[in-house]
Amino acid sequence: MSQECVSVNKDGVLTVAAEQPTCMTAMLPSDYPQNHAANLLCLPNGDLLCVWFAGTQEGVADISILCARLQAGSNRWDAPVRLSDDPTRSEQNPVLFLDPKGTLWLLWTAQVSGNQDTAIVRYRQSQDGGISWGEIATLIDDPGTFIRQPIVVLPSGRWLLPVFYCTVPAGEKWVGHYDTSGVHISDDEGKTWRKVDVPDSLGCVHMCITPLHDGRLIALFRSRWADAIYQSFSDDEGLTWCPPVATALPNNNSSIQVTTLHNGDLALVYNPMSAAGATERRRSLYDEIEDDSGAQEPEMGTGRSAFWGAPRAPMSLAISKDNGQSWQTICHLDEGDGYCMTNNSQQRLNREFSYPTVTQGPDGALHIAYTYFRQAIKYVRYPVTDNHA
Numbered sequence: 249m250s251q252e253c254v255s256v257n258k259d260g261v262l263t264v265a266a267e268q269p270t271c272m273t274a275m276l277p278s279d280y281p282q283n284h285a286a287n288l289l290c291l292p293n294g295d296l297l298c299v300w301f302a303g304t305q306e307g308v309a310d311i312s313i314l315c316a317r318l319q320a321g322s323n324r325w326d327a328p329v330r331l332s333d334d335p336t337r338s339e340q341n342p343v344l345f346l347d348p349k350g351t352l353w354l355l356w357t358a359q360v361s362g363n364q365d366t367a368i369v370r371y372r373q374s375q376d377g378g379i380s381w382g383e384i385a386t387l388i389d390d391p392g393t394f395i396r397q398p399i400v401v402l403p404s405g406r407w408l409l410p411v412f413y414c415t416v417p418a419g420e421k422w423v424g425h426y427d428t429s430g431v432h433i434s435d436d437e438g439k440t441w442r443k444v445d446v447p448d449s450l451g452c453v454h455m456c457i458t459p460l461h462d463g464r465l466i467a468l469f470r471s472r473w474a475d476a477i478y479q480s481f482s483d484d485e486g487l488t489w490c491p492p493v494a495t496a497l498p499n500n501n502s503s504i505q506v507t508t509l510h511n512g513d514l515a516l517v518y519n520p521m522s523a524a525g526a527t528e529r530r531r532s533l534y535d536e537i538e539d540d541s542g543a544q545e546p547e548m549g550t551g552r553s554a555f556w557g558a559p560r561a562p563m564s565l566a567i568s569k570d571n572g573q574s575w576q577t578i579c580h581l582d583e584g585d586g587y588c589m590t591n592n593s594q595q596r597l598n599r600e601f602s603y604p605t606v607t608q609g610p611d612g613a614l615h616i617a618y619t620y621f622r623q624a625i626k627y628v629r630y631p632v633t634d635n636h637a
């Protein structure tokens, strides 16, 4: 692949997409070289919030959480506000959650360097729709607990927070070989939590839970093996899950997100790519982060190991009308070579489209955001027609 250097204009202005005239797009404003892992939330007043992490490079301690707002009726995203700043940890993977009583939650991970096995989960709360925020506190202090997807509230009032566990044998460095998934459950509005494991979930991470119209829950997973999107179901409100099984959808060891539409269909944003399409492979996600802990990176290529470096493109939207049994690709939101062999945004070599977030607004339109070249968060407003829903 070429080593082309590309710069991105991050002015936050909504414009008509040249390739899809029915869509509006914007590059969210940011003064940081790296911007990654967006999450969107529609507020009751019509505002749209987006959170992501930004700094020089993932795994470095200057990575913090940003939050930007698209005010109702505006054609430009406001400048982002920094909501975390721990000088000792890389703070990543923020998610937003508006609870039934109107409290807005921001959750994110905080880890030492590139060692995801040191991650804990922190949170802040807002009572005014994200205008002001309370103190930072710790939600989960078990090292190695990571999040990527938001809390789901069930009709019974139960809260489900999907997590994944980054673990390594003693003396080894985390590279993702041993990751598994679980769910933290609260039946008292977040005051206390208990956890359940997803059985046989080795290599399945970024669990994204969404309800089906028949009362079951479906969860889709990113695969560390970069082979396929995996799925699991629960018919008892998340207390137990069937072992994840591979779907026909490819996965490149990069994040996905699925949501249930107003009509019961499922909308998925993902990269239809796997390790089978990779001609190059970087050693690990954090091989560019200095680490003086003395831990050794395990040998790869023996047994099943996490696959890093598969192209992260195109970024695509798919719809399922049958509870995830089959999927129809609606469009490619962005296309390119998906080059992601480097995690250094200061060199501006990375050309990935990754880590999507998708939610449906009250008017039926889909709001989508994702990482663009590791330099910016791209926002897309996609109108859903009768043919797509």
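If you count the sequence shown from 1, position 103 lands on 351 in my numbering, and the numbers rise without skipping. Yeah, the Cβ is synthetic: ideal placement off N, Cα and C, and Gly gets one too. None of these values were measured; they are calculated from a predicted model.
Which runs of the beta strand (DSSP E) spanning at least 3 residues fall entirely within the stretch 580-624, listed in chain order?
Correct list: 601-608, 614-620.
Three CB pairs or more closer than 8 Å across the stretch 385-399 and the stretch 407-417:
A contact is defined here as three or more CB-CB pairs under 8 Å, and the stretch 385-399 meets this definition with respect to the stretch 407-417.
Classify residue 405 as buried or exposed, calling it buried when 16 or more other Cβ atoms lie within 10 Å of its own Cβ.
In the sequence shown, counting from the first residue as 1, residue 405 sits at position 157. Of the other Cβ atoms in all chains shown, fewer than 16 fall within 10 Å of the Cβ of residue 405; this residue is therefore exposed.
Where do the ends of the beta strand (DSSP E) carrying residue 373 lie?
Locating residue 373 in the sequence shown gives position 125, counting from the first residue. Per DSSP, residue 373 belongs to the beta strand (DSSP E) from 363-374.
Of the choices 491, 586, 565, 509, whose alpha-carbon is the least far from that of residue 234?
Lying outside 249 to 637, the shown extent of the chain, residue 234 is not represented and no answer is given.
Please name the residue or residues paired with residue 456 in a DSSP beta bridge.
In the sequence shown, the residue the question calls residue 456 occupies position 208. Residue 456 pairs with 468.
Between 369, 381, 365, 387, which has its C-alpha nearest residue 416's C-alpha?
Here residue 416 corresponds to residue number 168 of the sequence shown, with the count starting at 1. Of the candidates 369, 381, 365, 387, the one whose C-alpha sits nearest the C-alpha of residue 416 is 365.
Thinking C-beta only, is residue 352 closer than 7 Å to residue 346?
Numbered from its first residue, the sequence shown carries residue 346 at position 98. Numbered from its first residue, the sequence shown carries residue 352 at position 104. Remark: C-beta atoms of residue 346 and residue 352 approach each other more closely than 7 Å.
Going along the chain, which residues of its own chain have a beta-carbon closer than 6 Å to the beta-carbon of residue 262, five neighbours each way excluded?
Looking up residue 262 in the sequence shown gives position 14. Same-chain partners within the cutoff: 272, 274, 323.
Can you name the residues that DSSP bridges to residue 442?
Translated into positions along the sequence shown, residue 442 becomes position 194. Residue pairing from DSSP places residue 442 in a beta bridge opposite 433.
Please list the segments of the alpha helix (DSSP H) lying wholly inside the stretch 316-352, counting only runs of 4 or more residues, in order along the chain.
If only complete runs of 4 or more residues are kept, the stretch 316-352 shows no alpha helix (DSSP H) anywhere.
Considering only DSSP beta bridges, list what residue 300 is partnered with.
In the sequence shown, the residue the question calls residue 300 occupies position 52. Residue pairing for residue 300: DSSP places it in a beta bridge opposite 314.
CB contact flag (residue 590, residue 602, <7 Å)
Here the question's residue 590 lines up with position 342 in the sequence shown. Here the question's residue 602 lines up with position 354 in the sequence shown. It is not a contact, given that the beta carbons lie outside the stated cut-off.
So for residue 476, helix, strand or coil by DSSP?
Here residue 476 is taken as the residue at index 228 of the sequence shown, counted from 1. In this structure, residue 476 counts as strand in the three-state DSSP scheme.
What residue does the beta strand (DSSP E) around residue 284 start on, and which one ends it?
By one-based count along the sequence shown, residue 284 stands at place 36. Segment 282-290, the beta strand (DSSP E) holding residue 284.
Looking at the secondary structure, which residues open and close the beta strand (DSSP E) in which residue 518 lies?
Taking the sequence shown and counting its residues from 1, one reaches residue 518 at position 270. According to the DSSP assignment, residue 518 belongs to the beta strand (DSSP E) that extends over 514-518.
Which same chain residues, not among the five before or five after residue 310, have their C-beta less than 7 Å away from its C-beta?
For the purposes of this step, residue 310 is identified with residue 62 of the sequence shown, where counting begins at 1. Around residue 310: 303, 304.
Give me the residue from 466, 565, 473, 595 with the minimum Cα distance to residue 485.
Sequence index remark: in the sequence shown, residue 485 carries index 237 (1-based). Taking only the C-alpha atoms, the option nearest residue 485 is 466.
State the start and end residues of the unbroken beta strand (DSSP E) segment that holds residue 208.
Outside the displayed span of the chain (249 to 637) sits residue 208, for which this structure offers no information.
Is the Cβ-Cβ distance between residue 344 and residue 369 less than 7 Å?
The residue labelled residue 344 in the question sits at position 96 within the sequence shown. The residue labelled residue 369 in the question sits at position 121 within the sequence shown. No. Outside cutoff.
So what's residue 524 in DSSP terms, helix, strand or just coil?
The sequence position of residue 524 within the sequence shown is 276, counting from 1. The answer is helix: DSSP assigns residue 524 an H, G or I state.
According to DSSP, is residue 410 part of a helix, a strand, or is it coil?
What you label residue 410 is simply residue 162 of the sequence shown in a count that begins at 1. Residue 410: strand per DSSP, three-state reduction.
Sub-7 Å separation of residue 584 and residue 561 beta-carbons:
Within the sequence shown, the letter at position 336 stands for residue 584. Within the sequence shown, the letter at position 313 stands for residue 561. Closer than 7 Å, so yes.
Residue 299: buried (16+ other C-beta within 10 angstroms of its C-beta) or exposed?
Mapped onto the sequence shown, residue 299 falls at position 51. Classification of residue 299: buried, given that the 10 Å Cβ count is 16 or more.
Whose C-beta lies closer than 6 Å to the C-beta of residue 425 among residues of the same chain, with five residues either side of it excluded?
Taking the sequence shown and counting its residues from 1, one reaches residue 425 at position 177. Within the same chain, residue 425 has close Cβ partners 553, 554.
Taking buried to mean at least 16 other C-beta atoms within 10 Å of its own C-beta, is residue 642 buried or exposed?
With the chain represented from 249 up to 637, any question about residue 642 goes unanswered, as that position is not in the structure.
Determine the extent of the beta strand (DSSP E) in which residue 493 is found, giving its start and end residues.
Reading the sequence shown from its first residue, position 245 is the one you call residue 493. Counting along the chain, the unbroken beta strand (DSSP E) around residue 493 starts and ends at 493-498.
Touching by the beta-carbon criterion (3+ pairs, under 8 Å), the stretch 485-500 and the stretch 437-449
Contact holds: three or more Cβ-Cβ distances are below 8 Å.
For residue 403, count neighbouring Cβ atoms within 10 angstroms of its own Cβ and tell me buried if that reaches 16, exposed if not.
Within the sequence shown, the letter at position 155 stands for residue 403. So residue 403 ends up on the exposed side.
Going straight from the alpha carbon of residue 615 to that of residue 285, what length do you get?
Translated into the one-based positions of the sequence shown, residue 615 becomes position 367. Translated into the one-based positions of the sequence shown, residue 285 becomes position 37. Distance between the alpha carbons of residue 615 and residue 285 is about 15 Å.
Residue 342 and residue 287: beta carbons closer than 7 Å?
As a working mapping, residue 342 is identified with position 94 in the sequence shown. As a working mapping, residue 287 is identified with position 39 in the sequence shown. Inclusion of residue 342 and residue 287 in the CB contact set at 7 Å is warranted, their separation being smaller than that value.
Where does residue 404 fall in DSSP's three states?
Your numbering for residue 404 matches position 156 in the sequence shown. Here residue 404 sits in coil by DSSP.
To the nearest angstrom, how far is it from the Cα of residue 509 to the Cα of residue 631?
Counting from one through the sequence shown, the residue named residue 509 turns up at place 261. Counting from one through the sequence shown, the residue named residue 631 turns up at place 383. A direct Cα-to-Cα measurement between residue 509 and residue 631 gives close to 12 Å.
Just confirm the distance between the C-beta atoms of residue 337 and residue 308, as a whole number of angstroms; I'd bet it's less than 8 Å.
Reading the sequence shown from its first residue, position 89 is the one you call residue 337. Reading the sequence shown from its first residue, position 60 is the one you call residue 308. About 10 Å separates the beta carbon of residue 337 from that of residue 308, a gap too long to meet the 8 Å contact definition.
Close Cβ partners of residue 578 (< 7 Å) along its chain, the five nearest in sequence each way excluded
Along the sequence shown, read from residue 1 onward, the residue named residue 578 stands at position 330. 565, 566, 567, 636.
Nearest-angstrom Cα separation, counted from residue 296 out to residue 318
If you number the sequence shown from 1, residue 318 lands on position 70. If you number the sequence shown from 1, residue 296 lands on position 48. Those two C-alpha atoms are separated by around 5 Å.
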